[in-house]
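In terms of my numbering, the sequence shown opens at residue 116 and continues consecutively.
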Amino acid sequence: MEYLTIALAKGRLASLAIDLFSSIGLDCAQMKEKSRKLIFTDEKNKLRFILVKANDVPTYVEYGAADIGIVGKDTILEEGRNMYELIDLGFGECKMAVCGKAELKDKFHKINDLRVASKYPHIAEEYFCENKGQTIEIIKLNGSVELGPLVGLSDVIVDIVESGKTLEENGLCVLEDICRLSARVVVNKVSMKMNTERIMDIMTKVKEKL
Ligand code: PRP
Numbered sequence: 116m117e118y119l120t121i122a123l124a125k126g127r128l129a130s131l132a133i134d135l136f137s138s139i140g141l142d143c144a145q146m147k148e149k150s151r152k153l154i155f156t157d158e159k160n161k162l163r164f165i166l167v168k169a170n171d172v173p174t175y176v177e178y179g180a181a182d183i184g185i186v187g188k189d190t191i192l193e194e195g196r197n198m199y200e201l202i203d204l205g206f207g208e209c210k211m212a213v214c215g216k217a218e219l220k221d222k223f224h225k226i227n228d229l230r231v232a233s234k235y236p237h238i239a240e241e242y243f244c245e246n247k248g249q250t251i252e253i254i255k256l257n258g259s260v261e262l263g264p265l266v267g268l269s270d271v272i273v274d275i276v277e278s279g280k281t282l283e284e285n286g287l288c289v290l291e292d293i294c295r296l297s298a299r300v301v302v303n304k305v306s307m308k309m310n311t312e313r314i315m316d317i318m319t320k321v322k323e324k325l
């Protein structure tokens, strides 16, 4: 039997996914040890787990280098890859929102060429251009996005809000919700056809745990 490969987004989602997979009887013991290894095997179930950067999970899954992936909806929306999204795992819950200074609350949709800083340029572009018909200038950042409106780099940001603490501590607020986010199971389209039984068996067990 060939190995099925499961790609996990490194970080918090990976540890929650590991807990979930352990609870359905998969052997994730190796992954719980502190190490820098990137590939782990569950010999009994012929599974291979790989730890990848969140943004790369959809890439591994689309190309079939991973059969299954666990990744946030934010990354799925941003990467726009060709694959199936099968299960909403419910953990890693947060939202994507337009945020900025409170004074812009009723004004930002009226600003021409609104400057939007974000780690998620595609989500921002789609939201403003396609949903709202508003032309914007996207400024791609890689982190600490909340700085944008504070130092005059952008008018607003499009970013993840979880507890809301980062916004609060930096004097910003949510101006508009874009969508709910959470961890999802994604599957390669060819694998789904070739390994239907094995994949559905894992999916069924996962769903029972939710
Ligand atoms: C994320 C996100 C927000 C923050 C939201 O950033 O981009 O900045 O968390 O969480 P909160 O609502 O609970 O405060 P992350 O921690 O990934 O760091 P980054 O700024 O380097 O991207």
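Idealized CB from N, CA, C, for every residue including glycine.
### Query
Should K220 be counted as a contact of the ligand NAD given a C-beta to heavy atom distance under 7 Å?
For the structure depicted, the ligand NAD is absent and the ligand set comprises only the ligand PRP.
### Message
Rounded to whole angstroms, what is the Cα-Cα separation between K322 and D316?
### Response
Numbered from its first residue, the sequence shown carries residue 322 at position 207. Numbered from its first residue, the sequence shown carries residue 316 at position 201. Taking the straight line joining both Cα atoms gives about 10 Å.
### Boundaries of the alpha helix (DSSP H) in which L128 is found, first to last residue
As a first step, residue 128 must be located in the sequence shown, where it is residue number 13. Taken as a continuous stretch (DSSP letters only), the alpha helix (DSSP H) holding L128 covers R127 to S138.
### Inter-residue Cα distance where the pair is K210 and R313
Locating residue 210 in the sequence shown gives position 95, where the first residue counts as 1. Locating residue 313 in the sequence shown gives position 198, where the first residue counts as 1. K210 and R313: Cα-Cα distance of roughly 32 Å.
### Task
Please list, in chain order, all residues of the same chain as D292 whose beta carbon is under 7 Å from its beta carbon, the five residues on each side excluded.
Within the sequence shown, the letter at position 177 stands for residue 292. Same-chain partners within the cutoff: K210 and A212.
#### Entry: In chain order, each alpha helix (DSSP H) run of at least 4 residues that lies wholly inside the region 157-205
172-178 and 188-194
### Message
Which residues end up in the neighbourhood of the ligand PRP when you take C-beta atoms closer than 5 Å to any of its heavy atoms?
### Response
G258, S259, D274, I275, V276, E277, S278, G279, K280 and T281
### Message
Below 8 Å on the Cβ atoms is my contact criterion, and I expect V302 with I183 to pass it. Report the Cβ-Cβ distance as a whole number of Å.
### Response
Against the sequence shown, residue 302 aligns to sequence position 187. Against the sequence shown, residue 183 aligns to sequence position 68. V302 to I183, Cβ: 5 Å. Contact.
#### Entry: Complete beta strand (DSSP E) runs within the region 222-276 (minimum length 3 residues, chain order)
229-233, 251-255 and 271-276
### Message
Do I251 and C244 have their beta-carbon atoms positioned less than 8 Å apart in this structure?
### Response
Along the sequence shown, one-based indexing puts residue 244 at 129. Along the sequence shown, one-based indexing puts residue 251 at 136. Yes; because the gap between Cβ atoms is below 8 Å, this pair is in contact.
#### Entry: Contact under 8 Å by Cβ, E177 with N160
Taking the sequence shown and counting its residues from 1, the one referred to as residue 177 is at position 62. Taking the sequence shown and counting its residues from 1, the one referred to as residue 160 is at position 45. No, they are not a contact pair.
### Query
Count the other CB atoms within 10 Å of the CB of S259; is the residue buried (16 or more) or exposed (fewer)?
As a position in the sequence shown, residue 259 is number 144, starting the count at 1. With fewer than 16 Cβ atoms within 10 Å of its Cβ, S259 is classed as exposed.
### Message
Output needed for K125: all residues of its chain with C-beta closer than 8 Å, excluding positions within five of it in sequence on either side, in chain order.
### Response
Here residue 125 refers to the residue found at position 10 of the sequence shown. L166, V167, K168 and A169.
### Task
Just the C-alpha distance for M318 and D203, rounded to the nearest angstrom, thanks.
Locating residue 318 in the sequence shown gives position 203, counting from the first residue. Locating residue 203 in the sequence shown gives position 88, counting from the first residue. Whole-angstrom Cα-Cα distance: 11 Å.
### Beta bridge counterpart(s) of T120 as assigned by DSSP
Taking the first residue of the sequence shown as 1, we reach residue 120 at position 5. The partner list for T120 (beta bridge, DSSP) reads R163.
### Cβ-Cβ separation, Y199 to M307 (assumed contact under 8 Å), whole Å
Working through the sequence shown from its first residue, we reach residue 307 at position 192. Working through the sequence shown from its first residue, we reach residue 199 at position 84. Between Y199 and M307 the Cβ distance is about 6 Å, and since that is below 8 Å, they are a contact.
### Message
Considering only their Cβ atoms, is the gap separating Q249 from L229 smaller than 8 Å?
### Response
Position 114 of the sequence shown, counted from the first residue, corresponds to residue 229. Position 134 of the sequence shown, counted from the first residue, corresponds to residue 249. Against a cut-off of 8 Å, the Cβ pair of Q249 and L229 comes out as a contact.
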